[in-house]
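Enquirer:
Numbering (full-length UniProt numbering), first residue to last: 1 to 272.
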């Protein structure tokens with residue numbers, strides 16, 4: 001296939017998966033490589049690794065699509081055969097792809113997983129520096145168009161940890177959503193190993209100062225006590241000024257949601 005035909009085919013791929021999304025997620029998707037079963041990398045290589053595509057926000061989009069929720073995933077990816085495979089995988093689940101930006105620079109991030117066994121925990125190694133999403137600029141995404149029909153925008157703290165420009169993209173998305181009346185859900189998902197784009201500040205300080213710029217636009221935050229301290233959200237949880245999902249380890253019934261000015265909503269946790 002010629003390069004021109006390849007580009008036309010790729011454009012056609014994106015056009016085929018167009019939906020009116022209720023929910024939009026924004027973040028990075030990567031190539032996931034893992035040895036089979038519970039093998040370690042040194043046992044599997046040289047040899048074959050199992051390949052898939054994954055990322056926090058992409059996983060959320062796939063889960064929603066499989067539940068029948070109209071959802072778009074927004075990201076930046078390099079124009080390449082690997083991206084074609086990634087788009088085919090996402091599209092097969094029903095995730096909308098029309099707002100994915102393909103670029104001539106950057107790369108597809110990779111992460112390696114060793115599944116734990118018995119006392120050995122699962123190990124994950126990332127190779128994502130220079131990824132297309134980390135090089136993206138706020139002007140690369142037309143959020144007014146992307147969010148035109150959306151009710152929710154879902155973000156995490158992983159994307160703004162990748163680079164200053166990725167942080168600016170995330171904040172711009174949240175700001176535009178708030179101005180348009182679109183709800184913003186946010187999972188801080190603090191990863192100290194990722195927050196390295198300003199070495200003059202510690203990962204905790206960099207994350208705190210960056211994500212606090214995002215918080216005024218957040219409608220619903222998923223987090224724990226450590227996240228609240230990082231973002232200077234008041235404690236105890238019963239006094240939170242905004243709705244928040246409460247994890248079971250807190251001093252509250254499992255699976256609770258707190259909203260201001262309303263009774264506590266309790267959701268029973270059941271075993272499937």
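No residue lacks a Cβ here, since even glycine has one placed at the ideal position from N, Cα and C. None of these values were measured; they are calculated from a predicted model.
1. What does the alpha-carbon distance come out to for the pair residue 173 and residue 160?
2. Please report the residue range of the alpha helix (DSSP H) in which residue 227 lies.
3. How do the region 222 to 232 and the region 191 to 198 stand: do at least 3 beta-carbon pairs fall below 8 Å, yes or no?
4. Measuring alpha carbon to alpha carbon, tell me which of 25, 79, 111, 97 ends up nearest residue 52.
5. How would you call residue 144, buried or exposed, if buried means at least 16 neighbouring beta carbons within 10 angstroms?
6. Quick check: what's the CA-CA separation for residue 20 versus residue 127?
7. By alpha-carbon positions, which one of 133, 211, 175, 22 ends up nearest to residue 166?
8. Would you mind reading off the limits of the beta strand (DSSP E) that contains residue 122?
9. Confirm, please, whether the CB-CB distance from residue 106 to residue 130 is below 8 Å.
10. Which full runs of the beta strand (DSSP E) of 3+ residues lie inside the region 71 to 119, going along the chain?
11. Buried or exposed: which applies to residue 47, given that a residue is buried once 16 or more other Cβ atoms fall within 10 Å of its Cβ?
12. Since residue 151 contacts residue 23 with CB under 8 Å, what's their CB separation in whole angstroms?
13. Could you give the residue range of the beta strand (DSSP E) that holds residue 213?
14. Evaluate contact between the region 115 to 122 and the region 83 to 101, counting only Cβ atoms and requiring at least three cross-stretch pairs below 8 Å.
15. For residue 5, count the other beta carbons within 10 Å of its own beta carbon; 16 or more makes it buried, fewer makes it exposed. Which is it?
16. Which residues share a DSSP beta bridge with residue 23?
17. Between which two residues does the alpha helix (DSSP H) containing residue 162 stretch?
18. If we count the other Cβ atoms within 10 Å of its Cβ and call it buried at 16 or more, is residue 139 buried or exposed?
19. By the DSSP assignment, the alpha helix (DSSP H) with residue 139 in it spans what residues?
20. Kindly identify the DSSP beta-bridge partner or partners of residue 131.
21. Please report the straight-line C-alpha distance between residue 155 and residue 65, rounded to a whole angstrom.
22. Report yes or no: do three or more beta-carbon pairs, one from the region 56 to 65 and one from the region 77 to 85, lie closer than 8 Å?
23. When you compare the CB positions of residue 194 and residue 171, do they come within less than 8 Å of one another, or not?
24. Consult DSSP for residue 62 and reduce its assignment to one of helix, strand or coil.
Expert: The short version:
1. One-based indexing of the chain shown puts residue 173 at position 173. One-based indexing of the chain shown puts residue 160 at position 160. If you draw a straight line from the Cα of residue 173 to the Cα of residue 160, it comes to about 11 Å.
2. For the purposes of this step, residue 227 is taken as the residue at position 227 of the chain shown. Per DSSP, residue 227 is one residue of the alpha helix (DSSP H) stretching across 225 to 231.
3. Cβ pair count under 8 Å is below three, so no.
4. On the chain shown, position 52 is the one that residue 52 refers to. Closest by alpha carbon: 111.
5. In the chain shown, counting from the first residue as 1, residue 144 sits at position 144. Exposed: under 16 other Cβ atoms inside 10 Å.
6. Start at 1 with the first residue of the chain shown, and residue 20 comes out as number 20. Start at 1 with the first residue of the chain shown, and residue 127 comes out as number 127. Taking the straight line from one Cα to the other gives about 34 Å.
7. Stepping through the chain shown from its first residue, residue 166 is reached at position 166. Nearest to residue 166 by C-alpha distance, out of 133, 211, 175, 22, is 133.
8. Position 122 of the chain shown holds residue 122. Unbroken run through residue 122: none, as it is neither H nor E.
9. Position 130 of the chain shown, counted from the first residue, corresponds to residue 130. Position 106 of the chain shown, counted from the first residue, corresponds to residue 106. Their beta carbons are under 8 Å apart, which means residue 130 touches residue 106 by this criterion.
10. List check, beta strand (DSSP E) in window: 71 to 74, 76 to 78, 101 to 103, 110 to 114.
11. By one-based count along the chain shown, residue 47 stands at place 47. With a 10 Å radius around the Cβ and a threshold of 16 neighbouring Cβ atoms, residue 47 comes out exposed.
12. By 1-based counting over the chain shown, the position of residue 151 is 151. By 1-based counting over the chain shown, the position of residue 23 is 23. Beta-carbon to beta-carbon, residue 151 and residue 23 are separated by about 7 Å, close enough to satisfy the 8 Å threshold.
13. As a working mapping, residue 213 is identified with position 213 in the chain shown. No beta strand (DSSP E) contains residue 213, which DSSP labels as neither H nor E.
14. Per the Cβ contact rule, the region 115 to 122 is not in contact with the region 83 to 101 (fewer than 3 Cβ pairs under 8 Å).
15. Here residue 5 refers to the residue found at position 5 when the chain shown is read from its first residue. Note that residue 5 scores 48 on pLDDT, short of 50, meaning its location in the model is unreliable and no value can be drawn from it.
16. Translated into positions along the chain shown, residue 23 becomes position 23. Under the DSSP definition of a beta bridge, residue 23 partners with 71, 152.
17. If you number the chain shown from 1, residue 162 lands on position 162. Segment 159 to 162, the alpha helix (DSSP H) holding residue 162.
18. On the chain shown, residue 139 is found 139 positions in, with the first residue counted as 1. By the beta-carbon neighbour count (other beta carbons within 10 angstroms, threshold 16), residue 139 is exposed.
19. Counting from 1 along the chain shown, the entry for residue 139 is found at position 139. Element bounds for residue 139: n/a, residue is neither H nor E.
20. Here the question's residue 131 lines up with position 131 in the chain shown. Checking the DSSP bridge columns, you'll see residue 131 partnered with 107.
21. Sequence index remark: in the chain shown, residue 155 carries index 155 (1-based). Sequence index remark: in the chain shown, residue 65 carries index 65 (1-based). Their backbone Cα atoms lie some 17 Å apart in a straight line.
22. Touching, no.
23. As a first step, residue 194 must be located in the chain shown, where it is residue number 194. As a first step, residue 171 must be located in the chain shown, where it is residue number 171. For residue 194 and residue 171, no; Cβs fall outside 8 Å.
24. On the chain shown, position 62 is the one that residue 62 refers to. Three-state DSSP puts residue 62 in a helix.
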